[in-house]
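*Asks:* The listed protein sequences correspond, in order, to chains A and B. FYI, the numbering for the first sequence is 1219 to 2226, going by the numbering used here. FYI, the numbering for the second sequence is 38 to 245, going by the numbering used here. Take a look at the following structure, please.
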Amino acid sequence: MKNVCRLLALCAGVLFFAGNAPAAVERDTEWLARWWQTEEGLPDNTVNGLAQTEEGYLWIGTPTGLARFDGIRFENVSLTNLIALPNHGIITMQRGRHGALWLAMDRGALVRLAGTNSRAFVNEVTNLIPNGIAEGADGTTLLSYRGGLVYRIRGDQVSQLRTNDGLPEGLDICALATDGGGRVWWAKEGEIGIVTNGIFRVVQKLNPQPMRLTAASEGGVWACCGHQLLKCDEAGNVLDYGEFHPDNSGTVATTMLEDKDGDVWIGTTYNGLYHHTDDGFQTVATSHGAILSLIEDREGSIWAGTFGGGLNRIRPRAITLDDESAGLPFSSIESICEDTNGIVWATTQNGVLVQKINDHWQPFYNPGSDWPSNVTCVTADPQNRIWIGTHNQGLFCWHDGKFIDFPGAESFRNQTLHTLLISRSGDLWAGQETPNAILCLHAGKVKKFPFPVNIRIFRAMIEDTAGNIWAASSRGNLFRIHGDDITEVTPRKSETMTSIRCLYATPDGALWIGYAGAGVGRLKAGRYTEIDSGQGLFDNYVSHIVADDQGWLWFGANRGLFKVRLEDFEDCEAGKISKVRSIHYGKGEGLPSLQATFGDSPDVLRGRDGRLWIPMQTALAVIDPERIYEHNSPPASLLTRVLVDDRVVAQYNGVLPPEPSFQAIPEARRGATRLKLPPDHRSVRFEFTAFDFSAPENVRFRHRLDGVESSWTESEPNDARAVIIQTLGYGDYDFEVAACNGDGDWSQNTATIALTVTPFFWQTFWFRSLVVLAFTLSIIAVVRYVSFRRLRAQLRVLEQQAALQRERARIAKDIHDDLGANLTQIAYLGELANQDREEPKLVGDRIRTISATARQAVKALDEIVWAVNPRNDTLAHLLDYAGQYAVDYLRTVGIRCRLDFPESIPARELSTDLRHNLFLVVKEALHNIFKHANATEVHLRVLVDETALKIVIEDNGCGFTDAPDNALSDGLRNMKQRMAEVGGDCTIQGRVGSGTIVTVRLPWRNND
Amino acid sequence: MRISVSIVEDSRGTRESLTELLDRAPSLRFVSAHANGEDAVEKIPGNAPDVVLMDINLPKMNGIECVHQIKEKLPKTHVLMLTTYEEGDLIFDSLRKGASGYLLKNLPPAELISAIEQVHAGGAPMSMQIARKVVTHFQQIKKPQSEVDKLTKREHEILALLAKGFLYKEIADQLGISLSTVRAHLHTVYEKLHVQSRTEAVVKFLGR
């Protein structure tokens, strides 16, 4: 099984056959065979097996291998992964009742193609040459071999059936066939019967001759026993259907088929194909005399595989050609009509009147002497009178086996007539040459309408639905005759006159004009339009126009036969379509090159049986529209492969085992499959097909891509059944394809595949959301940052303001405390002095105290002003000032002072606050020395480096113990507190008996 | 009977000259002089003077607090503030804490003595500028409360610390409360001040 599931790849090379020309044409028989050979892509000219699967593919088994055919191209199917190469040749093939395809291979192997259930049987069976396969309704398949062996396959179980199962002994092949009820019939050694549960039951004994079997639709089987056709039913009743007689007596039947009409086809070894009808056996010509396989397709065509001659398609001819071989004395017909007895009358171009009796043409023979020898035109009236126009001999009337006289005959005497018309009112109208005139024979009287010579010859006359008689000349003039009124209505009068070859009136009231070189003119309700090859008409030289009963207008033209739908002309005139669709019948229908005749009328005939008779130069074409329309409903389309950037991503498998790396395309169900395409693809190629084996070359496709376009795009004719679409944007699409048949009928069964083009990551929702989110967040961040910055700036301003206010408050406090206290004291001293004015000595003391206090006030003021003055804001100023103060102060209190300052003081700015506090600390320290230390010398040292300022004040006084008195401790705490306020510190080291060291340290802050 | 007077004054020179002045006044009896508030609070109750002259700017305990403590112990003693400061806050704080009058140091000594007599007689002497300020205060239309005034004491404390640049953790440590309490208080502060961030709150606080 593992083997089976592997790839069964389609051969890379899809072969197209060139053009639509059949390899050969067999003319003038009821059956038309067309064949395909290796040069058209067939893998091998020997076709051993044929089968048609559900979706429509025609499978072709050859010694070279397996191929499938859609009417246009053969695709080789490689079985490499299913079975080894020596077995690849196919000996016979059978479509099973449940859709599987059974292939009997070279060297005896059997392959079952059934999608995922495919498998090969190689070792379980013999290696002899297989011959026949039949699958029964009970789920078993029988396989017979040359040499008489039969194997039975049930599921995956294989067993050989032997004589004890009822199989007759002998080397004769056991023929097999499955009837309509699913029973498997067998025939061997003259015995015929049914296999039931692996047991061969005999139904009838016949002569032991080589036998072939095929199911009979009415029950039982057809058997070909030797050259005899028999029918055998379950009860053993045997009916004899006669014998065929091959040229070579060694000929035996190889294959049999009953067609949908119940007729039997028999393929033979040497004598080709026999068709058996109620009339007996008839040979049907094929490309080769050795027939190996036969099937009937769903459209009713018979397909025959030959031994070296390729593949034949056989179907009834829809168009036959009558020429000399059909009895015509001359193959070109000028005028044609049908009498009330159904006999067709015609005139040949060389002036002979002919009639077709019993399907055979014969010249009209008249024993009388006045037989017209140069006949031009012929028509028949409802009284079954045949009116015959002649050259220079006037008009004849044939009725009831003889020529009769008629009133007004003398008016036609010795005239040349080119056109005859019987109107619905029973009048006979005739177009006369030299002199030009139109004559009307009405109630025994002749009315004559003369015309000038320059109109040349009247070629065509027709009566429209309104009862107008229309006449057209070879110069191109068109006249309408109503009662006695003649009106010239030549449509192309203003242009170069164009010769008119024919006229035709359709029941819709339209008059049709066939021109020599200008296509077709249409005059309807007073409106004139022309259609020529620019608008899709197959030919511009139109000699015959005739309508069939299916809505088509048929044309005989210089380039042959073609037809156009009547409604196409309407749609084209209404602007709904830009072109009419012309369907040409030529080589594809087995026809030779044909050219229409023109000259006299009535020129075409629509027979009462619906057949159309259109005279051509080399033969009279007889068209049976009924046959053309048989089994010709528009084909369903099938998507076969999808390629992205030339790489297959999905394919239709059908009976073939699915390829794991490709997505499977189902037959036609909308939405069943969704293909995911990467966003960076460059192109998508859709391959599709449709099965119309009758006229594959006429199949057209149209497609649309929902999501891009809503209207259909029609494929160019003769293309490769593929569409390439360039890069698709991100989104969902539906690719839909529909097919139409040769008649232009579009199938409603479209093949659809849903596509999703995945987005690039930047097209995904989450990515876009993320971008929006990131953008929003960054905006928020910026706004927050800006407002934060603004707040910080505001805060700095406020801090500065607060610092300034603190500074001002401090100055105010200093002034109050120091200066205020001094001045208050002075005020009080002044008052005291005033009170003591009677005692000069006391006043003197007071005044001395006042002046001392005033000096103190001045000094205090000086200190305050010094601290506030911005000019003093450097370290150097501070040290100068502090040093000066120390020297002055200590001198007044009688203590020696030693200063030890650095030689150069770095240029550093100090804030007012800082200066003030540092100075006060130094001052306090000096003050303490004076008050408490009892020292004789003070050593003031200043150390400045990159990191800090250090002031060391050392004395040689008494020092202090751990618990200095209150005043001193307050002072020391004050110093520490002040230094802490400005971010520095102050250490006091008291050594009892050996002085005190005060160290003030201020680390530089970065912005100091 | 002479009026007994104590003085609290940190400036030695002023203290001494004032002592001498008061001592000489015939209507007064100088009792004691104190250089700081602690000393005053400790010793004045023992003397129970009729009038205490109180400076505001003292080294540790300020004069206003000192008034409060003295008045607690000596409700009958009149305390007269004698200071160079004429800020409204100080005036009202002093009066609220029990001061009977508010005098500026630029008051001539004769008037000072007269003021002591007045207060003893049941008056409330004030320097002219101070009296005017008190009157003006009562004439002022009550100002709308600023947002910052809506804060509770604790919130105010926290915000003040925050404005000084302390971290939440430090604030919590200083106030002896938990970190989450600090946060909760700040949350209320933000709402009351209609602000979104710490910085904004501080700006509002400082800019009030």
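Yeah, the Cβ is synthetic: ideal placement off N, Cα and C, and Gly gets one too. Computed from a prediction, not measured in an experiment: that's the story for all the values here.
(1) How about C1658(A) and F1667(A): do their beta carbons lie closer than 9 Å?
(2) In chain order, which alpha helix (DSSP H) runs of at least 4 residues are fully inside the stretch 89-149 of chain B?
(3) State the CB to CB distance for the pair L1539(A) and L1838(A), rounded to an integer number of angstroms; the pair is presumed to be in contact (CB under 8 Å).
(4) S1933(A) and R1922(A) - do their beta-carbons sit closer together than 9 Å?
(5) Verify the CB distance criterion: does A197(B) have a CB-CB separation below 9 Å to chain A?
(6) In the DSSP output, which residue or residues are listed as bridge partners for A1938(A)?
(7) Can you name, in chain order, every residue of its own chain whose Cβ lies under 7 Å from the Cβ of V232(B), other than the five neighbours on each side?
(8) I need the DSSP call for R1674(A), collapsed to helix, strand or coil.
(9) Can you find the residues in the same chain that come closer than 7 Å, C-beta to C-beta, to V1222(A), ignoring five residues on each side of it along the sequence?
(10) Mind checking who Q1270(A) pairs with in its DSSP beta bridge?
(11) Ignore the nearest five residues each way along the sequence and tell me which others in V2139(A)'s own chain have a CB closer than 7 Å to its CB.
(12) Among residues of its own chain, excluding the 5 on either side of I1943(A), which ones have a beta-carbon nearer than 6 Å to its beta-carbon?
(13) What's the C-alpha gap between G2175(A) and R2209(A)?
(14) Determine whether the Cβ of Y2046(A) lies closer than 9 Å to any Cβ atom of chain B.
(15) When the cut-off is 9 Å and only beta carbons count, does R2223(A) lie next to chain B?
(16) Using only CA atoms, which one of R2089(A), E1905(A), T1256(A), G1804(A) lies nearest to F1756(A)?
(17) Let me check one thing: in DSSP terms, what residues is A1957(A) bridge-paired to?
(18) For a test of the three-state rule: what should DSSP assign to H224(B), helix, strand or coil?
(19) Please name the residues in the stretch 2061-2086 of chain A whose beta-carbon is closer than 7 Å to at least one beta-carbon of chain B, in chain order.
(20) Could you check what DSSP says for M38(B) in three-state terms: helix, strand or coil?
(21) Could you tell me whether any Cβ in chain B is nearer than 9 Å to the Cβ of F2006(A)?
(22) Using alpha carbons as the reference points, say which of F129(B), A136(B), G159(B) lies closest to L90(B).
(23) Take the Cβ of N1294(A) as the centre, count every other Cβ of all protein chains shown within 10 Å, and call the residue buried at 16 or more, exposed below.
(24) Within its chain, find whatever has a CB closer than 7 Å to the CB of A1288(A); leave out the 5 residues flanking it on each side and keep chain order.
(25) Please tell me whether E53(B) has its Cβ less than 9 Å away from any Cβ of chain A.
(26) Please go through the same chain and pick out, in chain order, the residues whose beta-carbon is closer than 6 Å to the beta-carbon of E1461(A), but skip the five residues on each side of it.
(27) Quick one: using the 10 Å Cβ neighbour count with 16 as the cut-off for buried, is N1916(A) buried or exposed?
(28) Could you tell me whether any Cβ in chain B is nearer than 9 Å to the Cβ of E2017(A)?
(29) From the DSSP output, in three-state form, read off K1620(A) for me.
(30) Does L132(B) get closer than 9 Å to chain A when you measure Cβ to Cβ?
(31) To the nearest angstrom, report how far apart A2039(A) and S2005(A) are at their CA atoms.
(32) So V240(B) contacts chain A; which residues on that side make the cut at Cβ distance below 8 Å?
(33) What residues of chain B sit near Q2053(A), judged by a beta carbon separation below 7 Å?
(34) Skipping 5 residues on each side, what residues in its chain have a beta carbon closer than 6 Å to that of F1816(A)?
(35) When burial is assigned at 16 or more other CB atoms within 10 Å of the CB, is D1682(A) buried or exposed?
(36) Could you tell me whether the Cβ atoms of S164(B) and E192(B) are closer together than 9 Å?
*Replies:* Taking the definition as stated:
(1) Numbered from its first residue, the first sequence carries residue 1658(A) at position 440. Numbered from its first residue, the first sequence carries residue 1667(A) at position 449. Yes, Cβ-Cβ distance for C1658(A) and F1667(A) is below 9 Å.
(2) 100-110, 125-134
(3) The residue labelled residue 1539(A) in the question sits at position 321 within the first sequence. The residue labelled residue 1838(A) in the question sits at position 620 within the first sequence. So it is a contact: roughly 7 Å between Cβ atoms.
(4) Counted from its first residue, the first sequence places residue 1922(A) at position 704. Counted from its first residue, the first sequence places residue 1933(A) at position 715. The answer is no: Cβ separation not under 9 Å.
(5) Working through the second sequence from its first residue, we reach residue 197(B) at position 160. So, not an interface residue.
(6) Mapped onto the first sequence, residue 1938(A) falls at position 720. Paired residues: none, contrary to the question.
(7) Residue numbering aside, residue 232(B) sits at position 195 when the second sequence is read from its first letter. Cβ neighbours of V232(B) beyond the five flanking positions: A238, K241.
(8) By 1-based counting over the first sequence, the position of residue 1674(A) is 456. In the structure shown, R1674(A) sits in coil (DSSP, three-state: anything other than H, G, I, E or B).
(9) Numbered from its first residue, the first sequence carries residue 1222(A) at position 4. Residue placement at V1222(A) is flagged as unreliable, the pLDDT there being 38, under the threshold of 50; a coordinate-derived value is accordingly withheld.
(10) One-based indexing of the first sequence puts residue 1270(A) at position 52. Answer is L1276(A).
(11) If you number the first sequence from 1, residue 2139(A) lands on position 921. Closer than 7 Å at Cβ, skipping near neighbours: M2193, R2196, M2197, C2204, V2218.
(12) Within the first sequence, the letter at position 725 stands for residue 1943(A). So the list reads V1902, once near-sequence residues are dropped.
(13) Taking the first residue of the first sequence as position 1, residue 2175(A) is located at position 957. Taking the first residue of the first sequence as position 1, residue 2209(A) is located at position 991. Whole-angstrom Cα-Cα distance: 9 Å.
(14) In the first sequence, counting from the first residue as 1, residue 2046(A) sits at position 828. Closer than 9 Å: yes.
(15) Numbered from 1 along the first sequence, position 1005 holds the residue referred to as residue 2223(A). Chain B contact via Cβ: absent.
(16) The residue you call residue 1756(A) lines up with position 538 of the first sequence. When each option's Cα is compared against that of F1756(A), the closest is G1804(A).
(17) In the first sequence, the residue the question calls residue 1957(A) occupies position 739. Note: A1957(A) sits in a beta bridge opposite F1919(A).
(18) By 1-based counting over the second sequence, the position of residue 224(B) is 187. Note: H224(B) maps to helix in three-state DSSP.
(19) T2071
(20) Here residue 38(B) refers to the residue found at position 1 when the second sequence is read from its first residue. It is coil, neither helix nor strand.
(21) Stepping through the first sequence from its first residue, residue 2006(A) is reached at position 788. Yes, its Cβ sits closer than 9 Å to a Cβ of chain B.
(22) Taking the first residue of the second sequence as position 1, residue 90(B) is located at position 53. Taking only the C-alpha atoms, the option nearest L90(B) is A136(B).
(23) Locating residue 1294(A) in the first sequence gives position 76, counting from the first residue. With 16 or more other Cβ atoms within 10 Å, it is buried.
(24) Against the first sequence, residue 1288(A) aligns to sequence position 70. In the sequence as presented, Ala is not what sits at residue 1288(A); that position holds Asp. Contacts found: Y1275, T1907, F1909.
(25) As a first step, residue 53(B) must be located in the second sequence, where it is residue number 16. Cβ-Cβ to chain A under 9 Å: yes for E53(B).
(26) As a position in the first sequence, residue 1461(A) is number 243, starting the count at 1. Cβ within range, chain order: H1445, Q1446.
(27) For the purposes of this step, residue 1916(A) is taken as residue 698 along the first sequence, with counting starting at 1. With 16 or more Cβ atoms within 10 Å of its Cβ, N1916(A) is classed as buried.
(28) Start at 1 with the first residue of the first sequence, and residue 2017(A) comes out as number 799. Yes, its Cβ sits closer than 9 Å to a Cβ of chain B.
(29) Numbered from 1 along the first sequence, position 402 holds the residue referred to as residue 1620(A). DSSP places K1620(A) in strand when its eight states are reduced to three.
(30) Walking along the second sequence from the start, residue 132(B) turns up at place 95. It does not: the Cβ of L132(B) has no partner Cβ on chain A nearer than 9 Å.
(31) Locating residue 2039(A) in the first sequence gives position 821, counting from the first residue. Locating residue 2005(A) in the first sequence gives position 787, counting from the first residue. When rounded, the distance between both Cα atoms is 49 Å.
(32) Position 203 of the second sequence, counted from the first residue, corresponds to residue 240(B). Correct list: L2009, Q2012, L2013, L2016.
(33) As a working note, residue 2053(A) is residue 835 in the first sequence. Within chain B, the residues near Q2053(A) are R61.
(34) Here residue 1816(A) corresponds to residue number 598 of the first sequence, with the count starting at 1. Cβ within range, chain order: R1719, S1761.
(35) Position 464 of the first sequence, counted from the first residue, corresponds to residue 1682(A). D1682(A) is buried by the Cβ-count criterion.
(36) Against the second sequence, residue 164(B) aligns to sequence position 127. Against the second sequence, residue 192(B) aligns to sequence position 155. In this structure, E192(B) does not lie closer than 9 Å to S164(B) by Cβ.
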